[in-house]
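Before any comments, here is the structure.
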Amino acid sequence: MKVKKSDALDETFLQQIYQINPQVIFTIKDGQVTIEKKQNHWTQRLFRKLYVKIPETSYITLDPYGSFIFQAIDGKKDIEELGKLLSSKFEEADTYLYDRLTLYLHYLEIEEKWIYSVN
């Protein structure tokens with residue numbers, strides 16, 4: 079199966095390797111990843127003191143694609159290898175595979191800080 083790469087993707091970006099942040103607390107059950115996320119922003123702490131019911135911890139369960147990629151991140155595989163694995167597991171993921179995969183990894187790295195680049 080041949081996966082078409084977008085012309086906008088930089089080949090050096092596809093060589094990017096990621097590692098899961100060791101501070102991330104997660105569990106895997108039946109192949110699905112659930113991430114524990116602390117709700118510890120100063121505004122959340124303030125509202126808790128004002129007796130607003132804000133949980134101290136929330137749990138985020140990743141979808142099958144996200145769980146698969148999250149589990150495949152090991153500090154050795156680059157984005158291109160992750161894409162090939164995803165494509166072999168989920169045929170329907172081929173459409174815009176690397177565009178969507180890079181957006182997802184960017185979100186995990188920049189917004190959530192659940193992963194980081196090792197190269």
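Residue 79 is where the sequence shown starts when you use the working numbering, and the numbers rise one by one after that. All residues carry an ideal CB built from backbone N, CA and C; glycine is no exception.
Any Cβ of chain E within less than 7 angstroms of the Cβ of residue 157?
Although the question refers to chain E, the structure presented lacks it and comprises just one protein chain.
Decide yes or no for the touch test of the stretch 117–136 against the stretch 170–179: beta carbon pairs closer than 8 angstroms, at least 3 of them.
no
Residues bridged to residue 145 (per DSSP):
According to DSSP, which records beta bridges pairwise, residue 145 is partnered with nothing at all.
What are the start and end residues of the alpha helix (DSSP H) that includes residue 91?
89–92
Which one of 154, 97, 150, 125 has the shortest CA to CA distance from residue 195?
97
Where does residue 114 sit, in a helix, a strand or coil, going by DSSP?
strand
Could you check what DSSP says for residue 95 in three-state terms: helix, strand or coil?
strand
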